[in-house]
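K.L.:
The structure that follows is given in the form of structure tokens.
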Amino acid sequence: MSKPTLSKVVVPAAGLGTRFLPFSKVVPKEMLPIVDKPAVQYIAEEAVAAGAKQMLLVTSRNKESMEDHFDMAFELEAVLRGRKKESELEMLSKLSKLIEVASVRQQQPLGLGHAVLCAKPWVGDEPIGVMLPDDLLEAPTPCMRSLWECFARFGHSMGVVALMEVPWEKTHQYGIVSAERVEEGVVRIRSIVEKPPSNPPSNLAVIGRYMLPPTLFGELEKTGRGAGGEIQLTDALARMVDAPGLLGYLFKGRRFDTGDKLGFLEANVAYALKRPELRAPFLAYLRQLLETEST
Ligand code: G1P
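Residue numbers (numbering that gives the first Met the number 0): 0 to 294.
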């Protein structure tokens, strides 16, 4: 039998993006640029680094530009060819071959669990990666790849979610777990709760990357409305804690919440500083800015 690989990732991107109005009135918030690439492209690149071949965008109205972004732009490429803009052409050609993109509409805003359930016919009987596009994760080994490796090492049946410690006062914004250590960097989750209003079981939060067996869909179908009146992915995961089991991978890297204004600005600064051509002049600008702002 051939070795199973991660093939499909699901990216729930149907949200209205109200925190980014007026920008998000017409343009999906997943298209916000981090330096010069839209946020959703970083997600696709992380998926590819984990071995994924196909990405399903779960979308809603006015989100077509996300699909256009990954498609071939025939006219644009013809113009670039005419102008002999070779490097831009190569960049666009790589982008349209990066990953096979499909989309499905989430017709009602019934929550993250419902969005993932919309992917069921596309996924079939395969394990899936779920990647929330607001979470931009930076690490030497891309997070989704680490989740896949953990999922494979523990036998392809237990789910694996990425976890990170968050400040206690922010636990009400996340899925929070209680867990026991299995080995360096991996825990077995004993309970998981969505956005606990008080008494969180820990400050270990789920950070938007999941590697799940196809049994997830059966659990989602049994899940009723939870926090915020929505069908929560976290509640379906809670049903998997005893069987088949749920592991936590402790993410060691930097996380940016690009769905939040401050997180979006921080991501732009951090990713600009990673660009060799921008680093020196941008650092000089930041230093000068700090000086003038602190006087
Ligand atoms: C979602 C999940 C939550 C998770 C968070 C990570 O919440 O429901 O469990 O901790 O993403 O970013 P949202 O941020 O969409 O409200």
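From the three backbone atoms N, C-alpha and C, an ideal C-beta is built for every residue, glycine too.
1. Are M143 and M157 touching if we call contact CB-CB under 8 Å?
2. Using C-beta distances below 8 Å, list every residue in its chain close to E76, excluding the 5 sequence neighbours before and after it, in chain order.
3. Just grab the DSSP bridge partners of S190 for me.
4. Taking 8 Å as the cut-off, does the segment 149-163 touch the segment 39-56 (at least 3 CB pairs, one atom from each stretch)?
5. Classify G228 as helix, strand or coil using the three-state DSSP reduction.
6. Could you tell me which residues DSSP puts in a beta bridge with V159?
7. Determine whether the Cβ of V240 lies closer than 8 Å to any Cβ atom of chain D.
8. Does the segment 63-77 touch the segment 108-127, meaning 3 or more C-beta pairs lie closer than 8 Å?
9. In its own chain, which residues sit with a C-beta less than 7 Å from the C-beta of G225, not counting the 5 before and 5 after it?
10. Please tell me whether T58 and S102 are closer than 8 Å, where the distance is taken between their beta carbons.
11. What would DSSP say about L309, mapped onto helix, strand or coil?
12. Quick check on DSSP: helix, strand or coil for S102?
13. What are the start and end residues of the alpha helix (DSSP H) that includes V78?
14. Taking DSSP as the reference, what is the three-state secondary structure of Q107?
15. Let me know the secondary structure DSSP gives R144 once reduced to three states.
16. My output table needs one value for R238: the three-state DSSP class, helix, strand or coil.
17. Any heavy atom of the ligand G1P closer than 7 Å to the CB of A204?
18. Kindly indicate which three-state DSSP category T17 falls into: helix, strand or coil?
19. Could you give the DSSP three-state label for E164: helix, strand or coil?
20. Roughly how many whole angstroms lie between the Cα atoms of V122 and F281?
21. Starting from the C-beta of S145, find all residues in its chain whose C-beta is less than 7 Å away, skip the five residues before and the five after it, and write them out in chain order.
22. Verify whether the separation of the beta carbon atoms of I127 and V240 is less than 8 Å.
23. What does the alpha-carbon distance come out to for the pair T17 and S293?
24. Within the same chain, show all residues whose beta-carbon is closer than 8 Å to that of M0, passing over the 5 residues directly before and after it, in chain order.
25. Three-state secondary structure (DSSP) at L288?
26. Can you check which of these residues, E229, K221, E168, is closest to R238 by C-alpha distance?
27. Please state the DSSP three-state secondary structure of G128.
28. Just to confirm before moving on: does the CB-CB distance between S201 and I175 stay below 8 Å?
29. Can you tell me the Cα-Cα spacing of R286 and V268, whole angstroms?
30. Short of 7 Å in beta carbon distance, which residues of its chain neighbour A72, apart from the five on each side in sequence? Order them along the chain.
31. Kindly indicate the opening and closing residues of the alpha helix (DSSP H) around M90.
P.N.:
A quick look at the data gives this:
1. Looking up residue 143 in the sequence shown gives position 144. Looking up residue 157 in the sequence shown gives position 158. M143 places its beta carbon 8 Å or farther from that of M157.
2. Counting from one through the sequence shown, the residue named residue 76 turns up at place 77. Taken in chain order, the residues that qualify are L88, L91, S92.
3. As a position in the sequence shown, residue 190 is number 191, starting the count at 1. According to DSSP, which records beta bridges pairwise, S190 is partnered with S177.
4. no
5. Here residue 228 is taken as the residue at index 229 of the sequence shown, counted from 1. Three-state DSSP puts G228 in a helix.
6. Indexing the sequence shown from 1 puts residue 159 at position 160. Answer by DSSP bridge pairing, in chain order: M210, L246.
7. You won't find chain D in this structure, because it holds only one protein chain.
8. no
9. Locating residue 225 in the sequence shown gives position 226, counting from the first residue. So the qualifying residues of the chain are E193, Q231, D234.
10. Within the sequence shown, numbered from 1, the residue matching residue 58 stands at position 59. Within the sequence shown, numbered from 1, the residue matching residue 102 stands at position 103. Cβ atoms of T58 and S102: closer than 8 Å.
11. Because residue 309 is not part of the residues shown, which for the chain are 0 to 294, the question remains open.
12. Here residue 102 is taken as the residue at index 103 of the sequence shown, counted from 1. In the structure shown, S102 sits in a strand (DSSP, three-state: E or B).
13. Position 79 of the sequence shown, counting from 1, holds the residue named residue 78. V78 -> alpha helix (DSSP H) spans 73-81.
14. What you label residue 107 is simply residue 108 of the sequence shown in a count that begins at 1. Reduced to three states, the DSSP call for Q107 is coil.
15. By one-based count along the sequence shown, residue 144 stands at place 145. In this structure, R144 counts as helix in the three-state DSSP scheme.
16. For this step, residue 238 is matched to residue 239 along the sequence shown. Coil at R238, not helix or strand.
17. The residue labelled residue 204 in the question sits at position 205 within the sequence shown. At least one heavy atom of the ligand G1P is nearer than 7 Å to the Cβ of A204, so yes.
18. To locate residue 17, count along the sequence shown from 1; it is residue 18. Helix.
19. In the sequence shown, counting from the first residue as 1, residue 164 sits at position 165. Of the three classes helix, strand and coil, the one that applies to E164 here is strand, per DSSP.
20. For the purposes of this step, residue 122 is taken as residue 123 along the sequence shown, with counting starting at 1. For the purposes of this step, residue 281 is taken as residue 282 along the sequence shown, with counting starting at 1. Distance between the alpha carbons of V122 and F281: 43 Å.
21. Residue mapping note: residue 145 aligns to position 146 of the sequence shown, counting from 1. Closer than 7 Å at Cβ, skipping near neighbours: Y248.
22. Working through the sequence shown from its first residue, we reach residue 127 at position 128. Working through the sequence shown from its first residue, we reach residue 240 at position 241. No. Outside cutoff.
23. Sequence index remark: in the sequence shown, residue 17 carries index 18 (1-based). Sequence index remark: in the sequence shown, residue 293 carries index 294 (1-based). Between T17 and S293, the C-alpha separation is close to 32 Å.
24. Taking the sequence shown and counting its residues from 1, one reaches residue 0 at position 1. Because the pLDDT at M0 is just 49, under 50, the model does not fix this residue reliably, and the value given afterwards should be weighed accordingly. Correct list: empty, nothing qualifies.
25. In the sequence shown, the residue the question calls residue 288 occupies position 289. L288: helix per DSSP, three-state reduction.
26. Here the question's residue 238 lines up with position 239 in the sequence shown. Closest option to R238, Cα to Cα, is K221.
27. Stepping through the sequence shown from its first residue, residue 128 is reached at position 129. Note: G128 maps to strand in three-state DSSP.
28. One-based indexing of the sequence shown puts residue 201 at position 202. One-based indexing of the sequence shown puts residue 175 at position 176. Result yes, Cβ atoms of S201 and I175 sit closer than 8 Å.
29. As a working note, residue 286 is residue 287 in the sequence shown. As a working note, residue 268 is residue 269 in the sequence shown. If I take the Cα positions, the gap works out to 13 Å.
30. Working through the sequence shown from its first residue, we reach residue 72 at position 73. Excluding residues within five positions, the ones whose Cβ falls inside 7 Å are L91.
31. Taking the first residue of the sequence shown as 1, we reach residue 90 at position 91. It spans 85-96 - the alpha helix (DSSP H) in which M90 sits, taken as one unbroken run.
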